[in-house]
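Just so you know, the sequences run in chain order F and Z.
With the working numbering applied, the first sequence corresponds to residues 37 to 252, in that order.
With the working numbering applied, the second sequence corresponds to residues 37 to 252, in that order.
The structure appears right after this line, and notes come after that.
Protein chains: 2
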Amino acid sequence: MQQRMLEAMLPADLAERPVRWQQQKSARTRQRLVESAIDCLVEGGFTGLTTQQAAERSGVSRGAMHHHFATRMDLAAAVVDHVFYRRMELFLDDYLGTVVGANDGDLLEFGTAAHWRSVQTREYAAYVELAVAARTDAELNRVFEPAARRYDEVWITEMIESFPQWQSRWDKMKLVNDLVIATHMGLLLNRQVMGEDRIAQVGKLLTRVVGMLYEE
Amino acid sequence: MQQRMLEAMLPADLAERPVRWQQQKSARTRQRLVESAIDCLVEGGFTGLTTQQAAERSGVSRGAMHHHFATRMDLAAAVVDHVFYRRMELFLDDYLGTVVGANDGDLLEFGTAAHWRSVQTREYAAYVELAVAARTDAELNRVFEPAARRYDEVWITEMIESFPQWQSRWDKMKLVNDLVIATHMGLLLNRQVMGEDRIAQVGKLLTRVVGMLYEE
DNA sequence: GTCAAAACAGGCAGTTATGCCGGTTTCTTC
DNA sequence: GAAGAAACCGGCATAACTGCCTGTTTTGAC
């Protein structure tokens, strides 16, 4: 499962196995820029993602940066791909590690818990900023939406192929999946207002709900 | 219920019952500016909320705007108050209208449905933009967070006073309340990716879950 | 009617980011 | 090792906002 899903999401950044040194160098500075851009996103939202900041933070000159990413949106696009890839990777790393030897009925609850953990990461925070900004920034949306749809399709396809034993309940499982994704994102955004305690409790409640829906 | 809750949230904008004409005039232009600012938010996110745009859209001169709101953040603060007030008002208008004559067991599900409708409004869209921006904008957060907490406290207090029959299950009801709020926000943000159908189905599922949690 | 205060108007300097461009250094190829 | 390509550098003009400031008009109190 993990190989196929990750391969399908692999961004240009990490795809190349560089043989020539210039390619390595190029890839390295691109990665540094993307990482800095993610820092910008996390700290300042999509507004805070500026070419200046990204260059300065990564120690790359503005000229070099412009060589790799001609415009701000080019950089943002690279970040989008990177973040989607990492979003899936982070979840899979956790989930596949906890799921070994679990019986069928627990898979969903383990998956929910792993998803909640994967959501509390720097990369997911960046993803949230992009997702929100894409709603009001047409140009970003042209980059973000296709990537999001691709991610979603890959996810669903693999879920169906990986759990043939749930064939009769795929529709419900997909629905539960969507519920978990939506609720976790909502919890993240309400964290500051609700506070850690309530957030954690709702998280546990959701896991229990997932169990209930599986049982029924 | 509705009076107390709304009174507690009443923003400066609408609080005054103007007797002198200058006050009326002043209040009117302030309202026009706030409304335009909300349009800015909805269309361009917090980034798109600029003093220039707000002034231009409302037909108010930059000078006049500066007279009422010295800085961009002053305008944003007025929008925050306005949006929180309207958020509660929109919900109550809907909820109190649908709830008449309902039996106790249906109140939660009616409330959930009403909340889902209240969330699909221009005002709530503006609220979401503010909530997200406040996470990465310290200055905005200083305005937003207190307002959000006040809203939350008023909400909880009134819920407890309004439903004394649920005394033994307040903790659970508060939890369910948080779950609904978080999930609805998450659904909104995933609307474009998931599409209307899935969103609607998850919404229905959530309503059903709320019913299940009440029954148990 | 007059005078102060409130509401309104629009210009100005300063900041910050953007995209582009001419020039330099570092690799790669032959 | 020389030519060409790729990576890198920092300056420049431009654009969008912001906050402030000097006036002008409209209201309201006496």
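We put the beta carbon where it would ideally sit given N, CA and C, even for glycine.
Note that the coordinates shown come from a computational prediction; the quantities given were computed from them, not determined experimentally.
| Item | Value |
| --- | --- |
| Any chance you could list the alpha helix (DSSP H) runs of at least 4 consecutive residues sitting entirely within the segment 82-122 of chain Z, in chain order? | 87-94, 98-104 |
| Alpha carbon to alpha carbon, how far is residue 162 of chain Z from residue 68 of chain F? Give it in angstroms, no decimals. | 34 angstroms |
| Give me the residue from F/213, F/212, F/190, F/235 with the minimum Cα distance to residue 217 of chain Z. | F/235 |
| Say whether chain Z places a C-beta atom closer than 8 angstroms to the C-beta of residue 225 of chain F. | yes |
| My assumption, with CB atoms under 8 angstroms, is that residue 102 of chain F sits in contact with residue 65 of chain F. Please give the rounded CB distance. | Between residue 65 of chain F and residue 102 of chain F the Cβ distance is about 12 angstroms, and since that is not below 8 angstroms, they are no contact. |
| Under a Cβ-count criterion, where at least 16 other Cβ atoms within 10 Å of its own Cβ denotes burial, should residue 165 of chain F be classed as buried or exposed? | buried |
| Scan the segment 114-141 of chain Z for residues whose Cβ lies nearer than 7 angstroms to a Cβ of chain F and list them as they occur along the chain. | none |
| Which residues in chain Z sit within 7 angstroms of residue 188 of chain F, going by Cβ to Cβ distance? | 229 |
| Can you give the beta carbon distance from residue 155 of chain F to residue 109 of chain F, rounded, assuming they're within the 8 angstroms contact cut? | Not really, about 26 angstroms apart at Cβ, beyond 8 angstroms. |
| One question on the structure: do residue 266 of chain Z and residue 116 of chain Z come within less than 8 angstroms of each other, judged by their Cβ atoms? | This structure cannot speak to residue 266 of chain Z, because chain Z is shown only from 37 to 252. |
| Where does residue 136 of chain F land, buried or exposed, given buried means 16+ other C-beta within 10 angstroms? | exposed |
| By alpha-carbon positions, which one of Z/219, Z/118, Z/193 ends up nearest to residue 207 of chain Z? | Z/193 |
| Measure the C-alpha to C-alpha separation of residue 146 of chain Z and residue 131 of chain Z and round it to an integer number of angstroms. | 7 angstroms |
| Quick check: the Cα distance between residue 121 of chain F and residue 231 of chain F, rounded to an integer number of angstroms? | 29 angstroms |
| I want to verify the contact list: residues of chain Z whose CB lies under 9 angstroms from the CB of residue 234 of chain F, in sequence order. | 210, 211, 214 |
| Can you tell me whether DSSP reads residue 47 of chain F as helix, strand or coil? | coil |
| Cβ of residue 259 of chain Z less than 8 angstroms from any chain F Cβ? | Nothing about residue 259 of chain Z can be read from this structure; chain Z reaches only from 37 to 252. |
| Quick one: using the 10 Å Cβ neighbour count with 16 as the cut-off for buried, is residue 107 of chain F buried or exposed? | exposed |
| Could you tell me which whole alpha helix (DSSP H) segments of length 4 or greater appear in the segment 131-169 of chain Z? | 143-155 |
| Flag this pair as yes or no: are the beta carbons of residue 148 of chain Z and residue 242 of chain Z separated by less than 8 angstroms? | yes |
| Counting along the chain, where does the alpha helix (DSSP H) carrying residue 182 of chain F start and finish? | 174-198 |
| Alpha carbon to alpha carbon, how far is residue 127 of chain Z from residue 127 of chain F? Give it in angstroms, no decimals. | 36 angstroms |
| For residue 96 of chain Z, which residues from the same chain have a beta carbon less than 7 angstroms from its beta carbon, with the 5 sequence-adjacent residues on both sides left out? | 65, 68, 69 |
| If you draw a straight line from the alpha carbon of residue 189 of chain Z to that of residue 229 of chain F, how long is it in whole angstroms? | 10 angstroms |
| Verify the CB distance criterion: does residue 84 of chain Z have a CB-CB separation below 8 angstroms to chain F? | yes |
| Under the assumption that residue 160 of chain F contacts residue 186 of chain F (Cβ atoms under 8 angstroms), give the Cβ distance between them as a whole number of angstroms. | Not quite, the Cβ-Cβ distance comes to about 17 angstroms (not below 8 angstroms), so this is no contact. |
| Would you say residue 52 of chain F lies against chain Z (beta-carbon separation less than 8 angstroms)? | With a pLDDT of 48 at residue 52 of chain F, under the threshold of 50, the modelled position of that residue is not reliable, and the figure given next carries that caveat. Taking Cβ atoms only, chain Z never reaches closer than 8 angstroms to residue 52 of chain F, which makes this a no. |
| Taking DSSP as the reference, what is the three-state secondary structure of residue 251 of chain Z? | helix |
| Buried or exposed: which applies to residue 214 of chain F, given that a residue is buried once 16 or more other Cβ atoms fall within 10 Å of its Cβ? | buried |
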